[in-house]
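Residue numbers (my numbering): 2 to 302.
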Amino acid sequence: MSPAGTKPLAAIPDGMRLIAARRSLPAQFRDVWLYRELVGGLVTRELKVRYKNSALGFLWSMAQPVFLLVVYTAVFSILGAGFENFAVWVMSGLIVWTLLATSLTTSAQSVTSNSYLVSKVTFPRIILPLSTSGSALVHFALQLATLGVILLVAGHDVAWSELWLLPLAIVVVVVLCAALGSLLSVVNVYARDTQHLLDLLMVAWFWATPIIYQYERTTAWLAERSLPTWLPLLNPMTPVVTAFQRAVYGTNAAGDRLLLPDVGTWWYARNLGIVGIASMLLLAIAFRLFDRAEGNFAEVL
């Protein structure tokens, strides 16, 4: 019997599906906020599962960038391509890149790896990729603390007047991770090769980002070939990485070698602002796409 004052539901004809009404973007963001405790629980679970039965636990988060730092520094020293405080330069770009890489690779599988939740529990599925980005942010915080220790031990002076670029860059890359991670999680439900293709694309993206080599070397190479020197800025991670390098490395040059553009701080802020606006638009698109697709997740999975 239907509740008083309501009409009984008509039977759904065979071959037809009941599709939920599309939600507005404000409604979707409100749902995420209402389920914020679940987001926190999923982040905690992700962190516990990753290092379950591990003797070092969260120390592995700190060990990964340090290990890569040692490898890259040794290799580039042998090749004679390093420069003064090269380790600080590499580390400043490497930790923010690790945030992106970890977030995207885990977000891509966030829906498929939680198929039992998707098919049995009612909640906004968008929080699955968002929670994996949240756990990557926790690892990033640990690695940032490691960088701080390295700077203290090395006695390296950062650009104190430009440290305000760091929180801005972190906000931008977090929004970028949430947007791309949400899109990838949807695509991976319907095309499971996405996660494998992503591994290859991340390698190419890493070497297209001025982390190991300096930004000015790229622009000089482009200028020699009469190509626009702004092309590297089409890579959304370039403004993020260069902002970290400028603030943490503390200068735009090493001796007579120019590493970053000899311009004011607002050049970095402007680039971050452009990427931030583009990332927010991409996040809105990701939310809309997710809203259209999540009704079929249980059936596909």
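Note that the Cβ used here is the ideal one computed from N, Cα and C, for glycine as well. Bear in mind the structure is a predicted one, so any value in this text is a computation, not a measurement.
Rounded C-alpha distance that separates residue i from residue j
| i | j | result |
| --- | --- | --- |
| Ile171 | Arg23 | 31 Å |
| Gly42 | Lys49 | 11 Å |
| Tyr216 | Arg193 | 35 Å |
| Ala179 | Val276 | 13 Å |
| Ala279 | Leu235 | 11 Å |
| His140 | Ala64 | 11 Å |
| Val150 | Phe68 | 15 Å |
| Met238 | Val174 | 8 Å |
| Gly256 | Glu85 | 8 Å |
| Phe291 | Val187 | 6 Å |
| Ala155 | Val89 | 9 Å |
| Gly16 | Leu223 | Its pLDDT being 45, under 50, Gly16 is placed unreliably in this model, and the coordinates cannot settle the point. |
| Thr195 | Asn189 | 5 Å |
| Trp34 | Pro211 | 36 Å |
| Thr113 | Ala270 | 37 Å |
| Val91 | Leu70 | 7 Å |
| Leu153 | Ala160 | 14 Å |
| Pro14 | Tyr191 | At Pro14 the pLDDT is 47, less than 50, meaning the model places this residue with poor confidence; the figure from the coordinates comes in the next sentence. One C-alpha to the other measures close to 26 Å. |
| Leu284 | Gly274 | 15 Å |
Beta-carbon contacts of residue i that lie in its chain and below 7 Å, excluding the five residues immediately before and after
| i | result |
| --- | --- |
| Glu163 | Arg247, Ala248, Thr266 |
| Phe245 | Ser93, Gly94, Val97, Leu167, Ala170 |
| Glu47 | Ser132, Thr133, Ser136 |
| Asn272 | Leu234, Pro240 |
| Asp32 | Pro125 |
Residues near residue i by beta carbon distance below 8 Å, same chain, minus five either side
| i | result |
| --- | --- |
| Trp268 | Pro262 |
| Met203 | Ala102, Leu105, Thr106 |
| Leu145 | Ile96 |
| Phe288 | Leu26, Gln29, Phe30, Ile127, Ser183 |
| Ile286 | Ala180, Leu184 |
| Ala21 | Summary for Ala21: the model assigns pLDDT 48, below 50, so the residue's position carries little reliability, and this model does not support an answer. |
| Phe207 | Trp98, Ala102 |
6 Å CB neighbourhood of residue i in its chain, flanking five on each side removed
| i | result |
| --- | --- |
| Ser132 | Val40, Leu43, Val44 |
| Ala137 | Leu100, Thr103, Ser104 |
| Thr220 | Thr230 |
| Pro130 | Ser108, Ser111, Gly182, Ser183, Ser186 |
Residue i (DSSP reduced to helix, strand or coil)
| i | result |
| --- | --- |
| Ala254 | strand |
| Leu260 | coil |
| Ile286 | helix |
| Tyr216 | helix |
| Thr230 | coil |
| His140 | helix |
| Arg23 | coil |
| Phe77 | helix |
| Asp292 | helix |
| Asn297 | helix |
| Glu85 | coil |
| Pro237 | coil |
| Pro130 | helix |
| Ala160 | coil |
| Gly41 | helix |
| Gly149 | helix |
| Gly265 | coil |
| Gly6 | In this prediction, Gly6 has a pLDDT of 42, which is less than 50 and means its spatial position is unreliable; what the coordinates show is noted afterwards. In this structure, Gly6 counts as coil in the three-state DSSP scheme. |
Range of the contiguous alpha helix (DSSP H) that encloses residue i
| i | result |
| --- | --- |
| Val112 | Where Val112 is concerned, there is no enclosing alpha helix (DSSP H), given that its DSSP letter is neither H nor E. |
| Val122 | Note, Val122: premise wrong, no alpha helix (DSSP H); not H, not E. |
| Leu198 | 195-208 |
| Asn189 | 166-191 |
| Ala28 | 26-35 |
Cutoff 8 Å: residue i Cβ touching any chain B Cβ
| i | result |
| --- | --- |
| Asp263 | Given the protein chain composition of this structure (a single chain), no chain B is represented. |
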